[in-house]
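Below you'll find the structure, written out as structure tokens, and then a few comments.
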Amino acid sequence: MPRWLTFDSFLTDAVAAVDNAARQALVDELLEERPTTPWVEDDKATFLYAGDAKSAALNLDTINADPPFLPMTRLEGTNLWYVSHQFERDDLLDYLLAIDDPMTPTQGDPDLVNRIMTYWRADPRNPLRLDAGGTSVSVLRM
0 MPRWLTFDSF LTDAVAAVDN AARQALVDEL LEERPTTPWV EDDKATFLYA GDAKSAALNL
60 DTINADPPFL PMTRLEGTNL WYVSHQFERD DLLDYLLAID DPMTPTQGDP DLVNRIMTYW
120 RADPRNPLRL DAGGTSVSVL RM
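So this is what it looks like as structure tokens:
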């Protein structure tokens with residue numbers, strides 16, 4: 000039986016941890032308990048990235064912004080980045096994670112191909128992949 004039934008219950012425990020070491024231990028336990036993501040709960044999906052980064056974001060074509068990112072939040076004192084988003088219950092979408100991307104507009108970026116190859120990547124915790132024009136993208140299936 001999983002220790003946390005919702006991501007919010009994990010966050011509550013992690014925020015209440017006595018120090019950063021205890022918080023990181025909870026993150027490690029969560030990632031062992033849930034080796035694949037996103038974490039889907041009804042119409043909400045939570046995307047996780049665990050790694051040393053200055054910034055992390057979810058890249059979805061359905062985001063009406065430039066760049067088409069939802070910034071991820073770093074859980075203080077840990078290597079865990081996360082973002083939750085509401086979707087339709089039958090959505091099937093492709094996405095990438097943008098790690099340390101400059102977060103500047105993509106429109107008119109003269110070096111966009113290099114930017115994509117450098118900063119955008121498939122979700123390492125999601126085994127569902129699709130080849131999209133030579134780039135592997137992750138798939139969210141609600």
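Take the sequence shown: its position 109, counting from 1, is numbered 108 in numbering that gives the first Met the number 0, and each next residue is one higher.
Note that beta-carbon positions come from the ideal geometry of N, C-alpha and C, so glycine has one too.
Contact annotation: T77 and V26 have beta-carbon atoms nearer than 7 Å.
For V14, the enclosing alpha helix (DSSP H) starts and ends at F6 to V14. Excluding the 5 residues flanking it on each side, A131 has same chain C-beta neighbours closer than 8 Å at D93, in chain order. Around the C-beta of P34, fewer than 16 other C-beta atoms lie within 10 Å, and the residue is accordingly described as exposed. As far as DSSP is concerned, R33 takes part in no beta bridge.
Contact annotation: L69 and L79 have beta-carbon atoms that are not nearer than 7 Å.
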